[in-house]
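Participant: Protein chains in written order, with the numbering used here: chain A, 4 to 108; chain B, 23 to 645; chain C, 74 to 332.
Have a look at this one.
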Amino acid sequence: MSESHSVDFKVYLRRCIYVFIAVLCTTSLMICASYLPHYSWTVKVALILAVACVNAFIVAGFLMHLLSEKKMIYTLLGFTAFFFAGLMGLTIYAMHDMPAGTSFH
Amino acid sequence: MGTTVEQFPPYRGGDDHGHEHHAHHDPGFWRTYIFSTDHKIIGIQYGFTALCFMLFGFFLMLLMRWQIAHPGQPVPFIGPLLEQILGPTMAGKGAISPDLYNSFGAMHGTIMVFLAVVPLAFAAFGNYVVPLMIGAPDMAFPRVNMASYQAYVLGGVVMLVSFFIPGGAAQAGWTSYSPLATSIPTHGQAFWLVGMVLLITSSLLGAVNFIATIIQLRAPGMTWMRLPFFVWAQFVTAFLLLLAFPPLEAAGIMQLMDNLAHTSFFLPTGLAIGGHLAHVSGGGSPLLWQHLFWFLGHPEVYVLILPAMGIVCEILANNTRKPIWGYKSLVYSALAIGFLSFIVWAHHMYLTGMGTKIATFFQATTMIISIPSVIILTCLLISLWGGSIRFNTPMLFVLGFLPMFGIGGLTGLPLGLAPSDIYLHDTYYVIAHFHYVVAPGTIFALFAGIYYWFPKMTGRMMNEFWGRVHFWGSFVFMNVVFLPMFAQGMEGMLRRMADGGVNYSAARVPGALATLPDTIMEMHTWILWGAMALGLAQIPFIINLFWSIKHGEEAKSDNPWDSTTLEWQTPTPPPHGNFATPPRICRGPYEYSVPGHAADFTPQNEPDVPVAAPKISPAPAGH
Amino acid sequence: MEIPYAVQPRPDTGIYNAKIGIWLFLMSEVMLFGALFSAYVLLRVGAVPGEWPHGWLNVTLGTINTLVLALSAITTLLAWVACKTRQFAKFKFFHACTLLLALTFLCIKGYEYHDKWIHYEIQLTDGRIADGHLRENNPKEDYVVIEGRYVTDEKDLYDLRVQKGIQTGEIKIPRAQIKEMENYGPWHNTYLALYFTLTGLHALHILGGSIVIGYLWGPGRRMWKTDPERFTNRVEVSGLFWHFVDLVWIFLFPVLYLT
Numbered sequence: 004m005s006e007s008h009s010v011d012f013k014v015y016l017r018r019c020i021y022v023f024i025a026v027l028c029t030t031s032l033m034i035c036a037s038y039l040p041h042y043s044w045t046v047k048v049a050l051i052l053a054v055a056c057v058n059a060f061i062v063a064g065f066l067m068h069l070l071s072e073k074k075m076i077y078t079l080l081g082f083t084a085f086f087f088a089g090l091m092g093l094t095i096y097a098m099h100d101m102p103a104g105t106s107f108h
Numbered sequence: 023m024g025t026t027v028e029q030f031p032p033y034r035g036g037d038d039h040g041h042e043h044h045a046h047h048d049p050g051f052w053r054t055y056i057f058s059t060d061h062k063i064i065g066i067q068y069g070f071t072a073l074c075f076m077l078f079g080f081f082l083m084l085l086m087r088w089q090i091a092h093p094g095q096p097v098p099f100i101g102p103l104l105e106q107i108l109g110p111t112m113a114g115k116g117a118i119s120p121d122l123y124n125s126f127g128a129m130h131g132t133i134m135v136f137l138a139v140v141p142l143a144f145a146a147f148g149n150y151v152v153p154l155m156i157g158a159p160d161m162a163f164p165r166v167n168m169a170s171y172q173a174y175v176l177g178g179v180v181m182l183v184s185f186f187i188p189g190g191a192a193q194a195g196w197t198s199y200s201p202l203a204t205s206i207p208t209h210g211q212a213f214w215l216v217g218m219v220l221l222i223t224s225s226l227l228g229a230v231n232f233i234a235t236i237i238q239l240r241a242p243g244m245t246w247m248r249l250p251f252f253v254w255a256q257f258v259t260a261f262l263l264l265l266a267f268p269p270l271e272a273a274g275i276m277q278l279m280d281n282l283a284h285t286s287f288f289l290p291t292g293l294a295i296g297g298h299l300a301h302v303s304g305g306g307s308p309l310l311w312q313h314l315f316w317f318l319g320h321p322e323v324y325v326l327i328l329p330a331m332g333i334v335c336e337i338l339a340n341n342t343r344k345p346i347w348g349y350k351s352l353v354y355s356a357l358a359i360g361f362l363s364f365i366v367w368a369h370h371m372y373l374t375g376m377g378t379k380i381a382t383f384f385q386a387t388t389m390i391i392s393i394p395s396v397i398i399l400t401c402l403l404i405s406l407w408g409g410s411i412r413f414n415t416p417m418l419f420v421l422g423f424l425p426m427f428g429i430g431g432l433t434g435l436p437l438g439l440a441p442s443d444i445y446l447h448d449t450y451y452v453i454a455h456f457h458y459v460v461a462p463g464t465i466f467a468l469f470a471g472i473y474y475w476f477p478k479m480t481g482r483m484m485n486e487f488w489g490r491v492h493f494w495g496s497f498v499f500m501n502v503v504f505l506p507m508f509a510q511g512m513e514g515m516l517r518r519m520a521d522g523g524v525n526y527s528a529a530r531v532p533g534a535l536a537t538l539p540d541t542i543m544e545m546h547t548w549i550l551w552g553a554m555a556l557g558l559a560q561i562p563f564i565i566n567l568f569w570s571i572k573h574g575e576e577a578k579s580d581n582p583w584d585s586t587t588l589e590w591q592t593p594t595p596p597p598h599g600n601f602a603t604p605p606r607i608c609r610g611p612y613e614y615s616v617p618g619h620a621a622d623f624t625p626q627n628e629p630d631v632p633v634a635a636p637k638i639s640p641a642p643a644g645h
Numbered sequence: 074m075e076i077p078y079a080v081q082p083r084p085d086t087g088i089y090n091a092k093i094g095i096w097l098f099l100m101s102e103v104m105l106f107g108a109l110f111s112a113y114v115l116l117r118v119g120a121v122p123g124e125w126p127h128g129w130l131n132v133t134l135g136t137i138n139t140l141v142l143a144l145s146a147i148t149t150l151l152a153w154v155a156c157k158t159r160q161f162a163k164f165k166f167f168h169a170c171t172l173l174l175a176l177t178f179l180c181i182k183g184y185e186y187h188d189k190w191i192h193y194e195i196q197l198t199d200g201r202i203a204d205g206h207l208r209e210n211n212p213k214e215d216y217v218v219i220e221g222r223y224v225t226d227e228k229d230l231y232d233l234r235v236q237k238g239i240q241t242g243e244i245k246i247p248r249a250q251i252k253e254m255e256n257y258g259p260w261h262n263t264y265l266a267l268y269f270t271l272t273g274l275h276a277l278h279i280l281g282g283s284i285v286i287g288y289l290w291g292p293g294r295r296m297w298k299t300d301p302e303r304f305t306n307r308v309e310v311s312g313l314f315w316h317f318v319d320l321v322w323i324f325l326f327p328v329l330y331l332t
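In structure tokens:
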């Protein structure tokens with residue numbers, strides 16, 4: 004590979020240990036969040052998903068090298084993110100925007 | 023003319039093992055023609071298979087049109103055969119039963135869209151032409167390419183086999199809406215879903231290949247804005263396939279679970295089938311299927327049209343002997359179409375009880391997406407102006423494409439607007455609209471492409487006279503078949519009626535409000551004759567295609583159309599690896615009739631030569 | 074002419090072919106799982122309030138699986154690093170760990186599936202519902218034995234989170250009293266349908282990824298001797314797929330187990 008990576012195994016090993024600790028922490032956070040009393044499921048789901056996104060960011064960023072990837076990959080992923088948001092958002096919006104006097108169930 | 027295969031090193035012969043040359047390299051019949059990883063062979067495989075499916079889908083349509091024009095009457099000649107093959111329940115006394123009609127309808131749509139037009143437009147032409155046009159030795163992943171073709175064939179086989187199982191093939195339309203798709207007492211729906219999963223896999227593998235190839239394997243000097251528009255069109259199409267198909271695959275898996283594992287992803291609570299409460303858990307949503315289906319379904323129609331626009335652009339530039347007008351507009355419009363096509367899908371669902379806000383959103387995006395489509399058509403039309411038009415067969419089909427696509431596109435507008443769609447939804451108007459875009463639209467472009475690229479594949483030209491017969495026959499009779507359907511739709515004739523609307527006709531129920539008048543019902547007969555004539559008009563094409571492979575007039579050179587694009591700068595047919603060394607690209611794709619150049623075309627890889635002496639230098643002595 | 078940029082990166086994009094290929098494929102996978110997640114959201118939000126299950130899955134096992142997969146993602150990365158630093162022995166070790174961790178994940182998943190498979194909801198003729206794990210179902214006998222409890226209202230079976238200290242015991246039910254008996258398969262309700270479909274598809278991806286990594290670890294390692302750079306790229310590309318499968322689980326676990 005012409006990218007002179009100067010890959011040091013020990014550096015990667017240390018990074019991996021940090022990532023694993025981070026995953027441990029985020030997982031515990033999510034579990035605690037799910038057992039919080041006095042909060043509605045909506046709030047809890049939002050909290051849990053936020054922590055999951057952080058977890059995903061750590062895995063994608065470090066283990067998949069996304070943080071040091073080339074612009075081409077970011078551009079491609081950007082499109083995916085947009086269309087994914089469209090699929091989720093528009094479908095859910097469509098199921099909720101109902102004519103006056105009608106309901107979903 | 024005349025560089026031969028032997029002058030090029032063997033494919034992947036990176037280091038020359040001197041003794042290991044052609045003698046031991048012959049891969050044999052199976053690896054050369056059946057299990058090939060060469061993009062040209064795979065392209066031809068796709069093309070041939072797709073054309074066979076197209077013929078079969080056409081045949082299904084003829085049977086349906088017979089039933090519509092003569093409901094309940096035995097089909098002439100074919101009837102007894104149908105009864106023998108499919109049994110007396112489906113085809114009793116040789117007549118097409120309503121269930122059989124429904125399965126023909128569902129499979130005609132599925133086969134034409136997923137097994138014929140897309141594989142031909144995207145996979146066949148794309149595989150053959152795109153690596154050549156960008157100066158690459160093959161696709162980025164040749165073995166993935168082979169796997170993609172094999173998945174396609176497997177999917178097609180599964181679809182065809184479903185006709186012969188008890189209960190018959192899928193009968194819930196090519197859209198396979200739940201809960202109908204889960205309630206029909208046949209495993210045909212499950213076969214359809216498995217076939218779709220295989221076809222989607224094939225498309226995904228192909229899409230990855232195309233995008234990686236176009237990004238990574240462009241020859242030196244082939245910048246993005248020097249790519250022929252056909253390559254841009256295939257690039258955008260590949261993105262549409264990559265990102266829009268997976269939600270349908272997910273939905274297909276869920277519907278398969280509904281069918282086989284009795285889940286209720288799409289089955290609502292309280293569903294009753296045949297008068298009894300269905301024994302399912304309920305809690306599902308039929309609308310969910312529709313959203314996921316149309317999330318693919320809409321980008322799919324742009325998959326159908328974009329490669330066709332690409333082919334039209336290439337042939338138009340070549341046969342007007344001038345550059346395309348508005349290359350940049352074409353490129354940006356294609357990108358815009360690709361992008362917008364993901365957020366318009368619910369215009370297929372205006373009648374599902376959506377609220378006004380969301381319906382307005384989709385209506386707005388639908389109207390907006392018509393703009394880049396019009397820009398593309400306008401650029402192509404303006405490109406004709408001032409051109410030195412050569413009226414050969416490919417160009418005739420291209421010229422036919424332009425107004426036909428115009429009609430198809432314009433008639434889509436009342437469907438995209440929610441208020442008018444409330445009336446027109448699910449009528450024959452819709453059928454007329456989309457057939458105009460796909461049949462005298464895309465398929466004309468595909469015919470043009472076959473006539474155009476045939477000399478590159480075989481070194482021979484297809485017969486011009488029979489090509490013209492094919493064109494005029496197809497042009498006239500496609501209009502005979504589809505033009506009346508606009509009128510039928512506006513009178514209220516609905517889609518998917520096995521009796522051709524007889525139960526709603528004025529003849530059956532005189533005096534009732536808003537029946538279908540006799541004039542509309544009589545059109546069925548015209549359409550049937552038109553469809554049969556259309557079928558006859560294809561016979562010269564089929565014979566021409568096969569006959570010309572061995573007996574066609576020899577092409578005058580490797581570049582008989584005097585084209586600028588790279589695929590014509592190779593030997594005929596191009597050998598393994600296409601180019602001996604990577605070509606160096608020096609100019610854009612449509613350098614026709616450039617002032618000062620000797621010929622009226624300059625190939626993309628022709629090196630730069632100064633055309634006028636610089637003003638300052640002294641006059642050359644003695645000349 | 075060989076296909077360029079199969080191993081060396083193309084100068085203007087900075088990437089080699091297979092890497093673009095795998096990222097494109099992963100984009101399509103995002104849309105695939107995204108559609109399934111959107112189905113989950115839609116069906117859950119559209120469900121009748123109070124009739125969505127909570128606490129039906131074993132959070133401990135799910136957490137173990139999460140950590141197992143996270144560890145396997147790490148060993149996958151380290152296997153690639155070992156290839157980059159030309160330490161083939163380390164590569165063999167780390168990918169052996171990956172494969173073992175994958176097997177562990179699938180075994181735990183299999184156990185969880187089995188647990189649902191033998192969990193029955195039995196509607197009795199007197200209107201009560203017996204709910205528990207099937208212990209005995211001998212066709213020759215005229216009773217079944219479950220380890221579970223009785224409830225009077227089906228709604229009591231949904232939210233197990235709010236119910237503290239559920240007592241279960243062995244219950245013998247005569248067949249004559251059984252109106253209907255259905256196990257907690259995907260047909261039982263939409264939550265389970267989504268659970269089995271989502272985790273099933275995910276498990277298929279784990280299997281597929283394991284087969285590819287297993288191939289590279291086993292017969293495919295021949296390429297290390299002839300073309301180590303290309304082999305390293307293959308390890309990287311298959312590692313990216315594996316990391317994606319881990320990413321999917323990072324969302325699956327909280328969505329299915331914790332909410």
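Glycine residues also receive a C-beta, built at the ideal position from the N, C-alpha and C atoms.
Taking the alpha-carbon of H447 of chain B as reference, which of B:A602, B:V230 and B:L516 has the nearest alpha-carbon?
Facilitator: B:L516
Participant: Quick one: any contact between the segment 250-265 of chain B and the segment 308-316 of chain B, if contact means 3 or more CB pairs under 8 Å?
Facilitator: The segment 250-265 of chain B vs the segment 308-316 of chain B: no contact.
Participant: Please name the residue, chosen from C:E214, C:G107 and C:F317, that lies closest to A266 of chain B on a Cα-to-Cα basis.
Facilitator: C:G107
Participant: Could you tell me the alpha carbon to alpha carbon distance between D204 of chain C and F23 of chain A, rounded to whole angstroms?
Facilitator: 39 Å
Participant: Give a yes or no on whether 9 Å exceeds the smallest Cβ distance from G217 of chain B to chain A.
Facilitator: Chain A places no beta carbon closer than 9 Å to that of G217 of chain B, leaving this residue out of the contacts.
Participant: Can you list the residues of chain A that S145 of chain C reaches, using a CB-CB cut of under 8 Å?
Facilitator: Correct list: empty, because the minimum Cβ distance to chain A is about 11 Å.
Participant: Any beta carbon from chain B within less than 9 Å of L325 of chain C's own beta carbon?
Facilitator: no
Participant: Closer than 9 Å, CB to CB, is H278 of chain C near chain A or not?
Facilitator: no
Participant: Pull up the DSSP beta-bridge partners for E185 of chain C, would you.
Facilitator: DSSP lists no partner for E185 of chain C.
Participant: So, under 8 Å CB-CB, F144 of chain B and V325 of chain B are touching, yes? Tell me the CB distance rounded to an integer number of Å.
Facilitator: 6 Å between Cβ atoms; contact.
Participant: Spell out whether any CB of chain B is found under 9 Å from the CB atom of M74 of chain C.
Facilitator: yes
Participant: Rounded to whole angstroms, what is the Cα-Cα separation between L172 of chain C and L280 of chain C?
Facilitator: Rounded to the nearest angstrom, the two C-alpha atoms are 10 Å apart.
Participant: Who are the near neighbours of M33 of chain A in its chain, counting only those whose CB is closer than 6 Å to its CB and skipping five residues on each side?
Facilitator: I51 and V54
Participant: Taking C-beta to C-beta, are I19 of chain B and T464 of chain B nearer than 9 Å?
Facilitator: Because residue 19 of chain B is not part of the residues shown, which for chain B are 23 to 645, the question remains open.
Participant: Can you tell which of B:P394, B:P532 and B:G305 has its C-alpha closest to the C-alpha of A120 of chain C?
Facilitator: B:G305
Participant: Rounded to whole angstroms, what's the CA-CA distance from V230 of chain B to W551 of chain B? Just pull it up for me.
Facilitator: 43 Å
Participant: Strictly under 9 Å for the Cβ-Cβ distance: is K379 of chain B near chain A by that measure?
Facilitator: yes
Participant: Determine the direct distance from the alpha carbon of K478 of chain B to that of G293 of chain C, and round the result to whole angstroms.
Facilitator: 39 Å
Participant: Quick one: list the residues of chain A neighbouring M376 of chain B, beta-carbon separation under 9 Å, in chain order.
Facilitator: A97, M98, D100, M101 and P102
Participant: Determine, for M371 of chain B, whether the minimum Cβ-Cβ distance to residues of chain A falls below 9 Å.
Facilitator: yes
Participant: Using three-state DSSP, classify N581 of chain B as helix, strand or coil.
Facilitator: Here DSSP, grouped into helix, strand and coil, assigns N581 of chain B to coil.
Participant: How about the segment 403-421 of chain B and the segment 336-351 of chain B: do they share at least three Cβ pairs that are nearer than 8 Å?
Facilitator: The way I'd put it, the segment 403-421 of chain B does touch the segment 336-351 of chain B; three or more beta-carbon pairs between them come closer than 8 Å.
Participant: Is there at least one Cβ from chain B nearer than 9 Å to F356 of chain C's Cβ?
Facilitator: Within the shown structure, residues of chain C are numbered from 74 to 332, placing residue 356 of chain C beyond reach of any answer.
Participant: Within a Cβ cutoff of 7 Å, which residues of the same chain sit near W347 of chain B, ignoring the five residues on either side of it in sequence?
Facilitator: Hits under 7 Å: C401, I404 and S405.
Participant: Note the first and the last residue of the continuous alpha helix (DSSP H) segment covering V62 of chain A.
Facilitator: Run containing V62 of chain A: none; DSSP gives neither H nor E here.
Participant: Let's see if you can read the secondary structure: which residues bound the alpha helix (DSSP H) around V302 of chain B?
Facilitator: No alpha helix (DSSP H) holds V302 of chain B; DSSP gives it neither H nor E.
Participant: For V616 of chain B, which residues of its own chain have a beta-carbon under 7 Å away from its beta-carbon, when the five flanking residues on both sides are left out?
Facilitator: T624
Participant: Anything in chain A within Cβ reach of L115 of chain C, meaning under 8 Å, just list it in chain order.
Facilitator: T94, I95 and M98
Participant: Can you grab the Cα-Cα spacing for the pair N124 of chain B / M254 of chain C, in whole Å?
Facilitator: Between the alpha carbons of N124 of chain B and M254 of chain C lies a gap of roughly 37 Å.
Participant: N138 of chain C lies in the alpha helix (DSSP H); which residues open and close that run?
Facilitator: Here the alpha helix (DSSP H) through N138 of chain C covers V132 to K157.
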